[in-house]
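Undergrad: Okay, here's the structure, questions in a sec.
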Amino acid sequence: MASVPLAPLVPTRTVQRSVPRRGSSGLGRRLALHLVLVSYCLTNVGAFVWCVMVSLKTNPEFFSTSPWALPSSVNLDNYASAWNDAQIGRYVLNSLYVTVLSVSIGLVLSLMAAYVLARVQFRGRSLVRLVFLSGLMMPGFLVIVPLYFLLRDLNLLGSLNGLVIVYVASQMPFTVFVLTSFFSSLPKELEEAAYIDGASPMRTFFSVVVPQTLPAIASVTLLNTLTAWNEFFFALILLTDEARQTIPVGILGLSVNAQYSAQWVQLFAGLVITMVPMLIVFAVAQDRITKGMTAGGLR
Amino acid sequence: MTRREGRVAAPRYGIVERQKRRLVLPFLVPALAVYGGFMLYPAFTTFYVALTDWNGISAELPFNGLANFRELAGDGAFRETVGHTLWFCVLGALVLFPAAIFFAFVTHGIRMSKLYRFLIIAPMALSVTTSALLWKFALNADFGIASKVSTSFGGGQVELLGNPATALLMVVLATVWHGIGLWMTIFAAAIERVPPELREAARLDGASEWQILTRIVWPLIWDVTRTLLILWIINGLQAFAFIVAMTNGGPLGATEVMGTYLYKVAFGDGRFGYGAAIAVVLFFAVLVLASLANRLTRRESEQY
Chain A
-10 MASVPLAPLV
0 PTRTVQRSVP
10 RRGSSGLGRR
20 LALHLVLVSY
30 CLTNVGAFVW
40 CVMVSLKTNP
50 EFFSTSPWAL
60 PSSVNLDNYA
70 SAWNDAQIGR
80 YVLNSLYVTV
90 LSVSIGLVLS
100 LMAAYVLARV
110 QFRGRSLVRL
120 VFLSGLMMPG
130 FLVIVPLYFL
140 LRDLNLLGSL
150 NGLVIVYVAS
160 QMPFTVFVLT
170 SFFSSLPKEL
180 EEAAYIDGAS
190 PMRTFFSVVV
200 PQTLPAIASV
210 TLLNTLTAWN
220 EFFFALILLT
230 DEARQTIPVG
240 ILGLSVNAQY
250 SAQWVQLFAG
260 LVITMVPMLI
270 VFAVAQDRIT
280 KGMTAGGLR
Chain P
112 MTRREGRVAA
122 PRYGIVERQK
132 RRLVLPFLVP
142 ALAVYGGFML
152 YPAFTTFYVA
162 LTDWNGISAE
172 LPFNGLANFR
182 ELAGDGAFRE
192 TVGHTLWFCV
202 LGALVLFPAA
212 IFFAFVTHGI
222 RMSKLYRFLI
232 IAPMALSVTT
242 SALLWKFALN
252 ADFGIASKVS
262 TSFGGGQVEL
272 LGNPATALLM
282 VVLATVWHGI
292 GLWMTIFAAA
302 IERVPPELRE
312 AARLDGASEW
322 QILTRIVWPL
332 IWDVTRTLLI
342 LWIINGLQAF
352 AFIVAMTNGG
362 PLGATEVMGT
372 YLYKVAFGDG
382 RFGYGAAIAV
392 VLFFAVLVLA
402 SLANRLTRRE
412 SEQY
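As they're listed, the protein sequences go chains A and P.
Position 128 of the first sequence, counted from 1, bears residue number 117 in the numbering used here, the numbering being contiguous throughout.
So the mapping is simple: the numbering used here equals the position in the second sequence, first residue as 1, plus 111.
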């Protein structure tokens, strides 16, 4: 695996077109390609608009008209009902709790480990690196059976805190991997100057090294947030308590229930509630996210 | 390399090194403890559980050697899931790679490139269950898009997700739609590294966009393609979420893959030993196929 090349962390230049396009057939083909691109993108917009549309309908309206028809009036009650009655509010809070805790704890632990792995010589360093790296290829399936019983024995099965620990552990190989390569690419001078000026290793780490790492921290934090927020496999198996579920599993339950209770419009209001925060994060931090994706190509 | 740095540096460096070495234990132990305790330890334990007939209740794990693996070899349902899993990987690669390269290439250097890319990446912001639900609506036989189109042309309803022949492909499409942003982004970063002079020169010589893509860009991004292919194999073999959320293995087991089978056998039937054996097979499948792909795709990388 070590020989697999990594995608670059930072894409460099962009192309400026200086030569006019030639040939009408080339132009036609370019137009056709563009048409494919534009219609794909419009479909994605359409999917989102459709969710909003359904969320504004009433249940009788949803069943009596075509699902693709416009809502007859704007009906915001569904949002309140989704948040309270359908428990979307609880799922959102649970997801927030799990995501914030797991990402921040994981970040602190990984930062420390990555710093030592990148910067300090000690015996067994390459072995420890390999141990972390091996986790990149470890399927969740390989750990799930013993993990389930480990959490049960620790009384953490069905608890959000148990899931937090699992997320910290499962995201660590990726986070350590990205941060280690980032630390290795940092110049050593600042750090050494701090040491020579008499700063302790701890002080140097927190006030000199970590501030230089902020771009990488932002990237891994965003990607880990996305992963934790949408994680499904561990959450499905380990959150055995129905009152304590995260958004992805909660929505699965609601969509199964909706087939019997016929409360589709509340479900769609719930979908919109859970979609919007992440979409905003994506829109605001697109560059950071794409950098993180490129850096973590190996995941 | 590292040893030489030590020799070249001033004597003070030795003190710094020794000071930094004091960080090793306090900085490494917390991470290793969590990772070791909740990933490595369960991973290794799985190999032992796979050799038992454990039901999850008994305190003792009844050892039964390789019986689980022998049973797997003769388990027709399991063999079908292996076939579906491989199909999922192949179909997924056939859809994902051309689409991701296409989107990376056409959005490169055009106006509003960022907006287009945002819209392609956006589905990743949705949870898998939300995406799966949207796809179930779009594919619904009564009012889904395909049925609407078909009936408006006088045809009948089109059953895509409930049809064993097409269900797996539909799950693949949903999976690719949801995750394609990641793959496009990495391809786009690679394409952006290709020196613009090369493309300009080819364009001046009269090369078409297609020739530029296949003769110039493609060979230069080959290394990235390999990495992503291996990444896809690792991901594809672990197909799970979309299948649970869209078909739950149906219709008639047509979309049952190794992951969902493991889940049902272990957490549905309480056969944890047997489930662990499936996990072990899955792990080795990932290992073998990923290194096979690595070996088969190795070639001199082009320089620029």
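Heads up, the beta-carbon is just placed ideally off N, CA and C, and yes, glycines get one too.
I'd like to check one pair, Trp329 (chain P) with Leu207 (chain P): are the Cβ atoms closer than 8 Å?
TA: Not in contact: Leu207 (chain P) and Trp329 (chain P) (Cβ atoms no closer than 8 Å).
Undergrad: When the Cα atoms are used, what is the spatial distance from Val92 (chain A) to Thr235 (chain A)?
TA: Using only the alpha carbons, I get a separation of about 15 Å.
Undergrad: In the DSSP assignment, find the alpha helix (DSSP H) that holds Glu50 (chain A) and state where it starts and stops.
TA: Element bounds for Glu50 (chain A): Asn48 to Ser53.
Undergrad: Run through the stretch 53 to 90 of chain A for me and flag every whole alpha helix (DSSP H) of 4 or more residues, listed as ranges in chain order.
TA: The stretch 53 to 90 of chain A contains these whole alpha helix (DSSP H) runs: 66 to 73.
Undergrad: How about Phe180 (chain P): is its C-beta nearer than 8 Å to some C-beta of chain A?
TA: Chain A, which has no Cβ nearer than 8 Å to the Cβ of Phe180 (chain P), makes this no.
Undergrad: Per DSSP, Phe174 (chain P) is paired with what?
TA: Phe174 (chain P) pairs with P:Thr163.
Undergrad: Is there contact here, the stretch 305 to 312 of chain P with the stretch 241 to 258 of chain P, by at least three beta-carbon pairs under 8 Å?
TA: With the cut-off at 8 Å, the stretch 305 to 312 of chain P and the stretch 241 to 258 of chain P do not touch.
Undergrad: Taking only three categories from DSSP, how would you classify Leu250 (chain P)?
TA: In the structure shown, Leu250 (chain P) sits in coil (DSSP, three-state: anything other than H, G, I, E or B).
Undergrad: Please list, in chain order, the residues of the stretch 325 to 345 of chain P that have any C-beta partner in chain A closer than 8 Å.
TA: The stretch 325 to 345 of chain P vs chain A, Cβ under 8 Å: Asp334, Val335, Arg337, Thr338, Leu339, Ile341, Leu342 and Ile345.
Undergrad: Relative to the alpha-carbon of Phe378 (chain P), which residue among A:Ser123, A:Ile226, A:Gly242 and A:Ile269 has its alpha-carbon at the smallest distance?
TA: Selected option, being the one with the closest Cα: A:Ile226.
Undergrad: Span of the alpha helix (DSSP H) holding Ser244 (chain A)?
TA: Here the alpha helix (DSSP H) through Ser244 (chain A) covers Ile236 to Ser250.
Undergrad: Residues of the stretch 111 to 135 of chain A in Cβ contact with chain P at a cutoff of 9 Å, in chain order, please.
TA: Result list: Phe111, Arg114, Val117, Val120, Phe121, Ser123, Gly124, Leu125, Met126, Met127, Pro128, Gly129, Phe130, Leu131, Val132, Ile133, Val134 and Pro135.
Undergrad: Here's a check: name, in chain order, each residue in its chain whose Cβ is nearer than 8 Å to the Cβ of Gly12 (chain A), leaving out the five neighbours to either side.
TA: In this predicted model, Gly12 (chain A) has a pLDDT of only 48, less than 50, meaning its place in the structure is not dependable enough to derive any value.
Undergrad: Applying a beta-carbon distance threshold of less than 7 Å, which residues of chain P neighbour Ala272 (chain A)?
TA: Per Cβ cutoff of 7 Å: Phe229.
Undergrad: Using a Cβ cut-off of 7 Å, pull out every chain A residue sitting near Lys131 (chain P), in sequence order please.
TA: The contacting residues are Arg108, Val109 and Pro190.
Undergrad: Could you name each continuous alpha helix (DSSP H) segment of 4 residues or more that falls completely within the stretch 116 to 156 of chain A, going from the start of the chain to the end?
TA: With a minimum length of 4 residues, the continuous alpha helix (DSSP H) runs that stay inside the stretch 116 to 156 of chain A are 129 to 142.
Undergrad: In terms of alpha-carbon separation, which member of P:Arg382, P:Val368 and P:Ala390 lies closest to Ser169 (chain P)?
TA: Ranking the options by Cα distance to Ser169 (chain P), first place goes to P:Arg382.
Undergrad: To the nearest angstrom, report how far apart Gly203 (chain P) and Val287 (chain P) are at their CA atoms.
TA: The straight-line gap from Cα to Cα measures roughly 7 Å.
Undergrad: Val81 (chain A) CB to nearest chain B CB: under 8 Å?
TA: Absence of chain B from the displayed structure is noted, the protein chains being A and P.
Undergrad: When the distance is taken between beta carbons, is Ser238 (chain P) closer than 8 Å to Pro237 (chain A)?
TA: Cβ distance < 8 Å, so Pro237 (chain A) and Ser238 (chain P) count as in contact.
Undergrad: Quick one: what does DSSP say Glu231 (chain A) is sitting in, helix, strand or coil?
TA: Glu231 (chain A): coil per DSSP, three-state reduction.
Undergrad: Can you name the residues of chain P whose CB is closer than 7 Å to the CB of Glu181 (chain A)?
TA: Near Glu181 (chain A) (Cβ distances below 7 Å), the residues of chain P are Val127.
Undergrad: What residues in its chain sit with their C-beta under 8 Å from that of Ile133 (chain A), if we drop five residues either side in the sequence?
TA: Phe222, Phe223 and Ile226, listed in sequence order.
Undergrad: Does the beta carbon of Ala204 (chain P) sit closer than 8 Å to a beta carbon anywhere in chain A?
TA: So no, Ala204 (chain P) is outside the interface.
Undergrad: Straight-line CA distance for Glu367 (chain P) to Gln110 (chain A)?
TA: Near 48 Å, if we compare the C-alpha coordinates of Gln110 (chain A) and Glu367 (chain P).
Undergrad: Taking C-beta to C-beta, are Leu106 (chain A) and Thr169 (chain A) nearer than 8 Å?
TA: Yes; because the gap between Cβ atoms is below 8 Å, this pair is in contact.
Undergrad: Does Leu175 (chain A) come within less than 8 Å of chain P when only Cβ atoms are used?
TA: So no, Leu175 (chain A) is outside the interface.
Undergrad: Taking only beta-carbon positions, decide if Glu171 (chain P) is within less than 8 Å of chain A.
TA: Taking Cβ atoms only, chain A never reaches closer than 8 Å to Glu171 (chain P), which makes this a no.
Undergrad: On a CA-only basis, which of A:Ala205, A:Asn150 and A:Arg112 is nearest Leu228 (chain A)? Give me that one, please.
TA: The shortest Cα separation from Leu228 (chain A) among A:Ala205, A:Asn150 and A:Arg112 belongs to A:Asn150.
Undergrad: Using DSSP with H/G/I as helix, E/B as strand and the rest coil, what is His23 (chain A)?
TA: Note: His23 (chain A) maps to helix in three-state DSSP.
Undergrad: Residues of the stretch 217 to 232 of chain A in Cβ contact with chain P at a cutoff of 8 Å, in chain order, please.
TA: Result list: Trp218, Asn219, Phe221, Phe222, Leu225 and Ile226.
Undergrad: Given that Lys225 (chain P) touches chain A, what residues does it touch there, using C-beta distances under 9 Å?
TA: Chain A residues near Lys225 (chain P): Gln275 and Asp276.
Undergrad: Note down, in chain order, every chain A residue with its Cβ under 8 Å from the Cβ of Ser286 (chain P).
TA: According to the sequence provided, residue 286 (chain P) is Thr. The question's Ser does not apply to it. The premise fails here: Thr286 (chain P) is roughly 12 Å from chain A at the closest Cβ pair, so nothing lies under 8 Å.
Undergrad: Which residues mark the beginning and the end of the alpha helix (DSSP H) in which Gly259 (chain A) is found?
TA: Residues Trp253 to Val273.
Undergrad: Using a Cβ distance threshold of 8 Å, determine whether the stretch 60 to 80 of chain A contacts the stretch 178 to 190 of chain A, with at least three qualifying pairs required.
TA: Cβ pair count under 8 Å is below three, so no.
Undergrad: Inspect the beta-carbon positions of Val197 (chain A) and Ala207 (chain A) and report whether they are closer than 8 Å.
TA: No, Cβ-Cβ distance for Val197 (chain A) and Ala207 (chain A) is not below 8 Å.
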